[in-house]
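Peer 1:
In the UniProt record's numbering, the protein residues as written are 1 to 299.
Structure (structure tokens):
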């Protein structure tokens with residue numbers, strides 16, 4: 001059941017570094033008890049400029065973007081209503097598929113905060129990884145190479161996708177865990193990441209991720225239904241902070257067209273809406289600059 005409910009998802013991860021020259025850390029308590037318990041974050045921004053200003057006001061200077069792509073078999077039929085009956089991964093000569101659109105729209109905005117423009121990209125749910133692991137878009141026998149900018153992400157996606165065998169079942173937990181691993185591949189532990197993914201394991205992984213400076217943006221690009229994703233967005237009160245934002249890609253686009261608004265702008269705002277407050281929560285919880293051992297044992 002969960003395989004088709006959670007289909008066709010683009011997970012986007014963004015990492016932010018706080019400003020080092022504006023005394024941000026001087027005002028951050030590392031005492032978790034000083035921060036109020038879990039609460040939902042309200043959507044309150046209306047334009048990309050408002051979101052970007054809120055990010056900078058929060059003390060954010062740069063970002064690292066990571067993208068996860070769903071290659072489960074449900075992509076074959078989840079475009080019946082929203083993609084003219086085609087597979088959501090179908091590569092077309094005369095236009096983008098939903099995955100290409102989401103990658104382009106989110107990455108273009110987040111690249112403004114990305115210093116090196118290096119983007120790790122992972123696929124999951126295919127015949128090889130199924131529900132137990134992920135695969136890098138640019139494997140290397142010595143170390144993983146990352147895509148340089150959104151242009152290379154799209155180039156590699158277009159090259160490898162036709163050869164990927166869709167499978168499943170859907171499980172976001174390996175991708176979330178891989179993202180947590182990514183937090184500690186750098187000596188700079190002051191980085192904040194956003195992950196722009198067996199239901200029980202997924203829920204547990206989302207709760208566990210709230211111990212770390214990691215936020216999850218999940219974009220549904222198929223027909224749905226998306227009730228489970230909304231439950232993740234509005235529930236799981238045992239989390240340290242509201243670290244999960246779900247965006248229904250087609251719903252946002254349809255509503256923006258109905259109101260004669262720019263679909264790309266409306267989608268980007270919806271996807272990044274909660275990031276400023278999530279980052280503030282991360283600072284107040286004292287999750288930045290700490291070791292994996294400290295964070296893992298942070299009850």
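Glycine included, C-beta positions come from ideal geometry on N, C-alpha and C.
1. By DSSP, does residue 179 sit in helix, in strand, or in coil?
2. Please list the terminal residues of the continuous alpha helix (DSSP H) segment that includes residue 123.
3. Taking residue 232 as the reference, which of 211, 260, 202 and 255 has the closest Cα?
4. Tell me whether residue 217 sits in a helix, a strand or coil according to DSSP, three-state version.
5. Can you give me the start and stop residues for the alpha helix (DSSP H) that residue 92 sits inside?
6. Suppose you measure from the CA of residue 107 to the CA of residue 121; what does that come to, to the nearest Å?
7. Give a yes or no on whether the C-beta atoms belonging to residue 123 and residue 164 are separated by under 8 Å.
8. Between the region 256 to 268 and the region 237 to 245, do three or more beta carbon pairs fall short of 8 Å?
9. Are the beta-carbon atoms belonging to residue 209 and residue 217 less than 8 Å from one another?
10. Does DSSP put residue 293 in a helix, a strand or coil?
11. Assuming contact is defined by CB atoms lying nearer than 8 Å, are residue 170 and residue 72 in contact in what I supplied?
12. Have a look at residue 79 and residue 133 and give me their C-alpha separation to the nearest angstrom.
13. Measure the CB-CB distance between residue 153 and residue 103 and report whether it falls below 8 Å.
14. My output table needs one value for residue 247: the three-state DSSP class, helix, strand or coil.
15. Helix, strand or coil: how does DSSP classify residue 64 here?
16. Among all the DSSP beta bridges, which residues are the ones paired with residue 167?
17. Go ahead and label residue 283 buried or exposed: buried means 16 or more other beta carbons lie within 10 angstroms of its beta carbon, across all protein chains shown.
18. Measure from the alpha carbon of residue 109 to the alpha carbon of each residue in 65, 128, 129 and 140, then state which is nearest.
19. By the DSSP assignment, the alpha helix (DSSP H) with residue 267 in it spans what residues?
20. Please report the straight-line C-alpha distance between residue 24 and residue 162, rounded to a whole angstrom.
21. When DSSP labels each residue in this structure, what does residue 33 get in the three-state scheme?
22. Cα-Cα, which of 151, 150 and 136 is closest to residue 144?
23. Using the C-alpha atoms, what's the distance from residue 70 back to residue 139?
Peer 2: Based on what the coordinates show:
1. helix
2. For residue 123, no alpha helix (DSSP H) run applies; the uninterrupted beta strand (DSSP E) run containing it begins and ends at 121 to 124, by DSSP.
3. 202
4. In this structure, residue 217 counts as strand in the three-state DSSP scheme.
5. Neither: residue 92 is in no alpha helix (DSSP H) and is coded neither H nor E.
6. 12 Å
7. yes
8. no
9. no
10. helix
11. Going by C-beta atoms, residue 170 is nearer than 8 Å to residue 72.
12. 25 Å
13. yes
14. Of the three classes helix, strand and coil, the one that applies to residue 247 here is strand, per DSSP.
15. strand
16. 72
17. buried
18. 65
19. Start and end: 263 to 272.
20. Summary for residue 24: the model assigns pLDDT 33, below 50, so the residue's position carries little reliability, and this model does not support an answer.
21. Caution applies to residue 33, whose pLDDT of 41 falls short of 50 and renders its modelled position unreliable; the value that the coordinates give is listed next. In this structure, residue 33 counts as helix in the three-state DSSP scheme.
22. 136
23. 18 Å
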